[in-house]
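Peer 1: Residue numbers for the sequence shown, in the numbering used here: 9 to 106.
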Amino acid sequence: MDTNNEFNHRETQGENRENQFRIEVADGNQAKFFSIRPLGNGRYEIIDDDGTIGTIQLDETDHARCESQGCELDLPLLHSIRDQIQFHQQLKSNTQEP
9 MDTNNEFNHR
19 ETQGENRENQ
29 FRIEVADGNQ
39 AKFFSIRPLG
49 NGRYEIIDDD
59 GTIGTIQLDE
69 TDHARCESQG
79 CELDLPLLHS
89 IRDQIQFHQQ
99 LKSNTQEP
């Protein structure tokens with residue numbers, strides 16, 4: 009497995025790491041909470057109570073597609089996280105418009 013790529017470490021200049029936000033997703037019949045930290049260029053760090061559990065990169069042209077690295081989450085949970093990140097970003101952009 010090639011671990012020498014830019015996915016983990018590259019941040020966009022000017023991206024504020026304090027823009028972290030919380031999401032809630034369903035995992036079966038339980039709610040799970042994650043903190044999400046934007047890393048820039050459609051990449052987000054996923055954090056739970058134990059620390060970072062991985063990174064997700066959203067495809068801005070195909071919203072149904074995402075890539076993850078270091079995540080040991082099942083696909084339905086990962087897709088729920090993706091959906092909540094996209095929902096948060098939509099709300100954020102709608103509130104910033106005049």
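Don't be surprised by glycine CBs; every beta carbon is placed ideally from N, CA and C.
Just so it is clear, the structure is predicted and the values come from calculations on it, not from any experiment.
1) Output needed for SER43: all residues of its chain with C-beta closer than 6 Å, excluding positions within five of it in sequence on either side, in chain order.
2) At the level of alpha carbons, what is the spacing between GLU14 and GLN77?
3) In chain order, what residues of the same chain lie with their CB nearer than 8 Å to the CB of TYR52, ignoring the 5 residues before and after it?
4) Along the chain, where does the alpha helix (DSSP H) that runs through GLN94 open and close?
Peer 2: The short version:
1) GLN28, ARG30 and ILE55
2) A caution first: GLU14 carries a pLDDT of 44, below 50, which makes its placement in the model too unreliable to give a value.
3) Here TYR52 has ILE44, ARG45, PRO46, THR63, ILE64, GLN65, LEU66 and ILE93 as same chain residues with Cβ atoms under 8 Å from its own Cβ, once five neighbours each way along the sequence are excluded.
4) 83 to 104
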